[in-house]
Structure formats: structure tokens, C-alpha cells
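Visitor: When we follow the working numbering, the leftmost residue of the sequence shown carries the number 12, and every step to the right adds one.
For each residue, glycine too, the CB sits at the ideal point set by N, CA and C.
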Amino acid sequence: MARILVTGGAGFLGSHLCDRLLDDGHDVLCVDNFFTGSKRNIAHRLGHPYFELIRHDVTFPLYVEVDRIYNLACPASPVHYQHDPVQTTKTSVHGAINMLGLAKRLRARILQASTSEVYGDPEVHPQPEGYWGRVNPIGIRSCYDEGKRCAETLFFDYHRQHDLDIKVVRIFNTYGPRMHPNDGRVVSNFIVQALRGEDITIYGDGLQTRSFCYVDDLIEGFERMMATPAGFTGPINIGNPGEFTMLELAEKVLSLVGGRSRLVFKPLPSDDPKQRQPDIALAKSALGWTPKVALEDGLKETIAYFRRLLAETAIGEGRTA
Ligand code: NAD
Ligand code: UDP
12 MARILVTGGA
22 GFLGSHLCDR
32 LLDDGHDVLC
42 VDNFFTGSKR
52 NIAHRLGHPY
62 FELIRHDVTF
72 PLYVEVDRIY
82 NLACPASPVH
92 YQHDPVQTTK
102 TSVHGAINML
112 GLAKRLRARI
122 LQASTSEVYG
132 DPEVHPQPEG
142 YWGRVNPIGI
152 RSCYDEGKRC
162 AETLFFDYHR
172 QHDLDIKVVR
182 IFNTYGPRMH
192 PNDGRVVSNF
202 IVQALRGEDI
212 TIYGDGLQTR
222 SFCYVDDLIE
232 GFERMMATPA
242 GFTGPINIGN
252 PGEFTMLELA
262 EKVLSLVGGR
272 SRLVFKPLPS
282 DDPKQRQPDI
292 ALAKSALGWT
302 PKVALEDGLK
312 ETIAYFRRLL
322 AETAIGEGRT
332 A
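Laid out in C-alpha cells, this is it:
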């Protein structure tokens, strides 16, 4: 049994990670400031003898004793990370400094939840880890993209300068139960819109692509990466190479939900990447990892989750598109 800190543990990915670590018999310390996360995501674990929750903002130092750290604290959807962009950069950068400082004092292994956004709007397709990216440093996505890039820099400097045992995972678009219904991400938007019989909002011409990984596959990749020998740092891409246009995704969601929603076209947000697909050769060879869940199967689980959520809570009367 290891003592494991999960920052952002009440969020979408963090709560699934806490579940997996507890099921594997670990002692889990979940730290979250509930900016986008929710107690609902972890309520079923409160009272578990090896689960502990601390409300804390990672931009402030944290003094705890653990063996391993997964650093996930950061809003991930454009709507949320653009709400307070200065705080987003602080969370990525000061949060990384604080968690790296903690890891250094404890000599603990630390894994960073980085992102495919470090590749920006890529000219190389699919994106391998060796690609340096094409990121606008001053646009509306920059608080997130550059914050995450700076966090990677810090991780590698702590590794070189202090011999810290780091792991960096670049996550590609991941979806599944416990996504925030109002976070504006495409999978949650389309499903909630279809379930409510509202128009499906396609930004731009809908021909931009994304590759969607089901949450269980991602968590499996996280655990495998954390278990690699010291010295294997990554960065490593974790994502599902199945690539879809937003029009294809909308059609899939509509065919699974049924109903009477129409597609409507809205302006494309600025700096919206045109294409994104992970090259997962490294994850295959170093972790023996490949995603197992097909988009249709993952969407069915996610739709079932949102159907229950909408029935239980009359959420989001003024939900944003
Ligand atoms: P999420 O918004 O559901 O979770 C983020 C969690 O961090 C929330 O619980 C939030 O309350 C918490 N948080 C935010 N700022 C904090 C702070 N200053 N101090 C403490 N807690 C704070 O998002 P997610 O999809 O679960 O993403 C988790 C991580 O994975 C993020 O770091 C994100 O950048 C990364 N990621 C996610 C995806 C994806 O598709 N879901 C893709 C790439 C990277
Ligand atoms: N998108 C869309 N309709 C929506 C929400 C998003 O067409 O209601 C598009 C968005 O413009 C982007 C893609 O879906 O091209 C993925 O958006 P998301 O915010 O989920 O992730 P990211 O852009 O960060 O990859």
C-alpha cells in the first residue's frame, strides 16, 4: 500500500483515478479547491478508511506526507480555464512548483497530467512526443497551453537539477461519466443537448478533428506510467488514435440518443486546433498500453450517466453552449 496524493481529485479524471487507486488497495489523499470539481464525484468514497479529502488550492504550498503524487489540479475545458485565465496559469505554474517542491522534500515520485494542447494547432499529424508544437503565446487558449508547457519545463528542470523522479503524460481529449455537464466540452455538450432535444452546436464547419479516449483507458495508462522504472520520464502521449470530425461525433451521439435535435453552426472559437490525433507508438512499446474502448461503447456509458444526472437534478437551467 502506497500513500498517494491526487491533486484535482474531485474532478472528472481525478475522481476516477481515486477510485482506481483505492480499489488497488492504496491510501489516497484527494486535494481539490472545487473550482470545477465536485463533492458529488467523490461522495461515494467519503467514509472509506483509506480515503481523505482536503480542500486546498495548489497555488499555495501544501505540507503532507505521501509516497507518490499525481498532479491533475487545473481546469481543463476552455469555458472553465478562460473564466479566470490568470488563475489558470497560476494553477499550472505555481501549482507545479508547489507540488514539485513537495515531491523534492519527500523524494516522492510525481506524475504530471499534461495535455495534447502543448502541440497547439499542429502541422505534424499525428502528433509524436518529439514534436515541439505550434502554440499561440498570447491567445485565449494560451493561459492553459503555455501554463501546461511551463509546467512540463519545471518538471524536467526538477528532474535534471534535483534528480527528481518525474513522469509526464500528455493526455488527449478524454470523455466519460462525471464530465461536468456545463463545461462546454464537445462530448458533454452534444450529449446533454441531444438528451434535452436542444440544437447541437457545431463550431465552425465541424470538419475539425479530435481523437476521443474513454476515461477507463486513460486511467489504465496513468497507472502503467506511474509504475515504470525511475528514469523513464516521458513525455508520453495517452489517447485514442481513432480520429473523428465534430460532424461525425454529432451524428454518432444523435444516432445513440435518438430524439429530434438539429445541427446548428456557430462561430469557431479563436485558435481552435484543426486536427488532433495521438501517435501512441511510445505508449504501446514502453507501457504495453493501447486503448480498448471503442467510441460508440464509451459514448453509451457516458450517455447513460448524463441521462441519470439530468433525471436526478434539474441542472443547468441557463447552461452555456
Ligand atoms: P476537471 O476540471 O474535471 O478537474 C480538474 C480538477 O482540479 C477539479 O476538481 C478542480 O476543482 C481542481 N482544481 C482546479 N484548480 C485547482 C487549484 N488551484 N487547486 C486545487 N484544485 C484545483 O478536469 P479533468 O478533465 O478531470 O482534467 C484533469 C487534468 O487532466 C487537468 O490537469 C487537465 O489539464 C488534464 N487534461 C485533461 C484532459 C481531458 O480531456 N479531460 C485532456 C488533457 C489534459
Ligand atoms: N465544439 C463544437 N461544439 C461544441 C463544443 C465544442 O463543435 O458545442 C468543438 C470545438 O470547437 C473543438 C472541438 O469541438 O473544435 C473540441 O472541443 P473541446 O472544447 O471539447 O476540446 P478542445 O478544443 O480543448 O480539444
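(1) Would you call the region 206–222 and the region 164–172 touching, i.e. three or more CB-CB distances under 8 Å?
(2) What did DSSP end up calling Ala332 once you bin it into helix, strand or coil?
(3) Return helix, strand or coil for Glu312, following the three-state DSSP convention.
(4) Hey, could you find the ends of the alpha helix (DSSP H) Glu231 is sitting in?
(5) So is Thr100 buried or exposed if we call it buried at 16+ other beta carbons inside 10 Å?
(6) Provide the residue(s) that pair with Gly131 in DSSP beta bridges, ordered along the chain.
(7) To the nearest angstrom, report how far apart Thr239 and Asp35 are at their CA atoms.
(8) In three-state terms, what does DSSP make of Cys85?
(9) So, at 8 Å on beta carbons, what are the nonlocal neighbours of Arg330 in its own chain, with the 5 sequence-adjacent residues on each side left out?
(10) Taking the alpha-carbon positions, what's the Ser305 to Asn184 distance?
(11) Does the beta carbon of Ser49 fall short of 8 Å from some heavy atom of the ligand NAD?
(12) Should Asp283 be counted as a contact of the ligand UDP given a C-beta to heavy atom distance under 8 Å?
(13) Kindly indicate which three-state DSSP category Glu259 falls into: helix, strand or coil?
(14) Among residues of its own chain, excluding the 5 on either side of Val77, which ones have a beta-carbon nearer than 7 Å to its beta-carbon?
(15) Measuring only the C-alpha atoms, how far is Phe340 from Cys29?
(16) Quick one: what's got a C-beta closer than 8 Å to Ser127's C-beta in the same chain, skipping five residues either side?
(17) Should the region 151–158 be regarded as contacting the region 90–104, the criterion being three or more beta carbon pairs within less than 8 Å?
(18) Taking the alpha carbon of Met12 as the reference point, which residue from Phe62, Pro148, Ile53 has its own alpha carbon closest?
Guide: Let's see:
(1) Remark: fewer than three beta-carbon pairs, one from each stretch, lie closer than 8 Å, so the region 206–222 and the region 164–172 are not flagged as touching.
(2) Residue placement at Ala332 is poorly supported in this model, since its pLDDT is 33, which falls under 50; the coordinates still yield a value, given next. If DSSP states are grouped into helix, strand and coil, Ala332 belongs with coil.
(3) Of the three classes helix, strand and coil, the one that applies to Glu312 here is helix, per DSSP.
(4) Glu231 -> alpha helix (DSSP H) spans 226–237.
(5) Residue burial is scored here from C-beta neighbours: Thr100 has at least 16 other C-beta atoms within 10 angstroms and is therefore classed as buried.
(6) Listed as beta-bridge partners of Gly131 by DSSP are Arg145.
(7) Looking at the backbone, the Cα of Thr239 and that of Asp35 are separated by about 17 Å.
(8) It is coil, neither helix nor strand.
(9) Residue confidence is low: Arg330 scores 47 on pLDDT, short of 50, so the model does not pin down where it sits. No coordinate-derived value is stated.
(10) According to the sequence shown, residue 305 is Ala rather than Ser. Taking the Cα positions, Ala305 is about 14 Å away from Asn184.
(11) Because some heavy atom of the ligand NAD lies under 8 Å away, the Cβ of Ser49 counts as near it: yes.
(12) It does: the Cβ of Asp283 is within 8 Å (strictly closer) of some heavy atom of the ligand UDP.
(13) In the structure shown, Glu259 sits in a helix (DSSP, three-state: H, G or I).
(14) Excluding residues within five positions, the ones whose Cβ falls inside 7 Å are Arg14, Ile15, Leu16, Leu40, Leu117, Ala119.
(15) Nothing about residue 340 can be read from this structure; the chain reaches only from 12 to 332.
(16) Hits under 8 Å: Gln138, Arg181, Ile182, Phe183, Asn184, Asn248, Gly250, Arg287, Pro289.
(17) The region 151–158 vs the region 90–104: in contact.
(18) Ranking the options by Cα distance to Met12, first place goes to Phe62.
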